[in-house]
Structures are given as structure tokens and as C-alpha cells.
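*Asks:*
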Amino acid sequence: MARSIRFEGKVVFITGAASGIGRACAERYAAEGARLYLCDINEAGLDDTQSSLATEVHTRVLNVSQSGECRDAIADCIERYGQLDVLCNIAGIAMTHHFHDIDDEAWDRIVGINLSSVMYLSRAAIPHLKESRGNIVNLASIAGVMGQAYTSAYCATKAAVVMLTKSIALEYAKAGIRCNALCPGGVQTPLVQKFSAPDDIDFTLMSRYMPLNDMAEADDAANSVLFLSSDEARHINGVALPLDGGVSAG
Ligand SMILES: NC(=O)c1ccc[n+]([C@@H]2O[C@H](COP(=O)([O-])OP(=O)(O)OC[C@H]3O[C@@H](n4cnc5c(N)ncnc54)[C@H](O)[C@@H]3O)[C@@H](O)[C@H]2O)c1
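Each residue of the sequence shown is one higher than the one before, counting from 111 in the working numbering.
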């Protein structure tokens, strides 16, 4: 079978590239000819990702919850490459807690990392995506389309990412920009491997969104991100694509 090179000549900006789904995306885009601008708050992880890639790569330590840092990172990407074709907003954190126990600091942190980051980076990227007729892929979650016990803050941020995705898609469709979201269920990454919940939770409330069979791998998520951002999906805009083995089907 001929090797697929869908991103030759393209520049792809990825957050969360030090681990899990972001790293898997970096590897897949590199294999398909893209030049990469990789960001994460975890410098050592970014270095690990970069060392495995045989393409032009720039890395940047970035706290995605900081507006100015996001604006500067997009500007630096443009200065280095002169173009931006795909923005992948992948960085994120999860939290499990009783709704009534979340404090203001934890709320602000998850909103900043999971939601505000998507706004900051997309806002800075839009003028450049207009030039390239490029696109945005946001990592939302099935937690953004179905309510879940003990993860209310996470669900709220991911639902907002879904609506931000659809709104951007509509507003910029005529400018040639697409914006889509991927909504995974469980994916085997450090995010779920670190999962811990309060001792006294009622697990029967969580059975509704447990995987129906095996969990996805980071590569499964990367496959969908690459598809959504490729020309093969040129008529797909404003979707929140489930990648959950059927969990959210009914
Ligand atoms: N793993 C799953 O089951 C699952 C399911 C649905 C959605 N998602 C979403 O997929 C995305 C990637 O998650 P993952 O599973 O690969 O987790 P992961 O923990 O492996 O990767 C997340 C990355 O985000 C980075 N990050 C965290 N805070 C940051 C900050 N302030 N600034 C910059 N980078 C920061 C981390 O350093 C890490 O490299 C997240 O948005 C997550 O919510 C994951």
C-alpha cells in the first residue's frame, strides 16, 4: 500500500505534545510530512517527544492557561515557519471530586487549562489560518456531550469546548477555516493512569460511561485528529466526533 503523506508542506501547532494523545499526534503528523511546533508545560516530556521525530520541529514550554504566552507562541510559530495550517488544542487536565468540594483555585485552573487555552490559541491563530485556509482540532471528550458524576468541572470545560468549536466553525466557514472537536471516551494515557477519585464515591453512578469493551489507545485518537485536519475531511466542519466505542450512542 502506498505511504500516505497528507501533510507535506504543512505546519502543525500542537499543545499537550509531551505526553499521551498530543505526543501520538506529533509522531503521526511527522510521519506524514508535517513540520511541527510543539508546546507543553512539561519540558522533559517535550524533549522526549522531539527526540523521536524525523522532521523539522520547534518546541516551546508553554502554560496554555496564560493568554500572553499563547499569543507569543503563535507569533513565534509564524516567525519561524511563515505559516500555520493546523492548530491542535490537545493539552488538558482531569479532576475527580464531589461537586460541592471543588475550590475556586481548582475551578480556575481547570477552566484555564481546558477551556481558556482553546480560546487564546484559536483567537491568535485565526488570522494565519485564514491565509492558509487551515483548520483547528480541539480535544474535547464524551464528558462534553454527556453529564458525568464526580467530574462536573471537567464536563463543564469540555462542553464549552464543543460549543466554542461549533461557533468558530460557523463564524469562519466562509473564510475557508474548519474547526472540529474530537470527543474520546477512555484513552490509555497518563491522564487516566493517574485517575484517582474520592474514597466514598458511588461507582454505580459512573457505570453509564465506562468503556463497553477495550479502551482506545493514543494512536486511535491521533488517527481521528489527523483525519479531521486533513483534506479528506474538507467538508467536515463543526462536528464533535465521538471516539468512544459507542458509549455515547444511547
Ligand atoms: N485519556 C483520556 O481518556 C481522554 C479522554 C477524553 C479526552 N481526553 C483529552 O485529551 C487531551 C490529552 O489528554 P491525554 O489523555 O493525552 O493526557 P496526558 O496527561 O497524557 O497529556 C496531557 C498533556 O497536557 C499537558 N498540560 C497540562 N497542563 C498544561 C498547561 N497548563 N500548559 C500546557 N500543557 C499542559 C501535560 O503536561 C501533558 O503533556 C486532554 O485535553 C484530555 O482532556 C483524554
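Each residue gets a CB set at the ideal place from its N, CA and C atoms; glycine is no exception.
What separation, rounded to the nearest whole angstrom, lies between the Cα atoms of M205 and A269?
*Replies:* So the two alpha carbons sit approximately 15 Å from each other.
*Asks:* Only counting the same chain, and skipping five residues up and downstream in sequence, which positions put a Cβ closer than 6 Å to that of L336?
*Replies:* These residues qualify, in order along the chain: R138.
*Asks:* For A253, which option in L322, V171, C265, E179 has the closest C-alpha, if you only look at C-alpha atoms?
*Replies:* The candidate whose alpha carbon is nearest that of A253 is C265.
*Asks:* Since F123 and C198 are thought to touch, with beta carbons under 8 Å apart, how far apart are those beta carbons, to the nearest angstrom?
*Replies:* The Cβ separation is near 7 Å, so the contact holds.
*Asks:* Report the start-end ranges of each alpha helix (DSSP H) in the region 277–335 that is 4 residues or longer and not cut off at the edges.
*Replies:* If we require 4 residues or more, the alpha helix (DSSP H) runs fully inside the region 277–335 come out as 300–303.
*Asks:* Can you tell me whether H238 is buried or exposed, with buried defined as 16 or more other CB within 10 angstroms of its CB?
*Replies:* Under this definition H238 is a buried residue.
*Asks:* So which of G192, V174, S232 has the shortest CA-CA distance to D218?
*Replies:* If we check each option's Cα against that of D218, V174 comes out closest.
*Asks:* Sort L194, E215, V221 by Cα distance to A201 and report the nearest one.
*Replies:* Of the candidates L194, E215, V221, the one whose C-alpha sits nearest the C-alpha of A201 is V221.
*Asks:* Which same chain residues end up closer than 7 Å to L358 when comparing Cβ atoms and leaving out the 5 residues on each side of it in sequence?
*Replies:* According to the sequence displayed, residue 358 carries Ser and not Leu. So the qualifying residues of the chain are I252, V255, M256, P352.
*Asks:* With hydrogens ignored, establish whether the beta-carbon of I246 is closer than 8 Å to any heavy atom of ligand 1.
*Replies:* For ligand 1, not one heavy atom lies less than 8 Å from the Cβ of I246.
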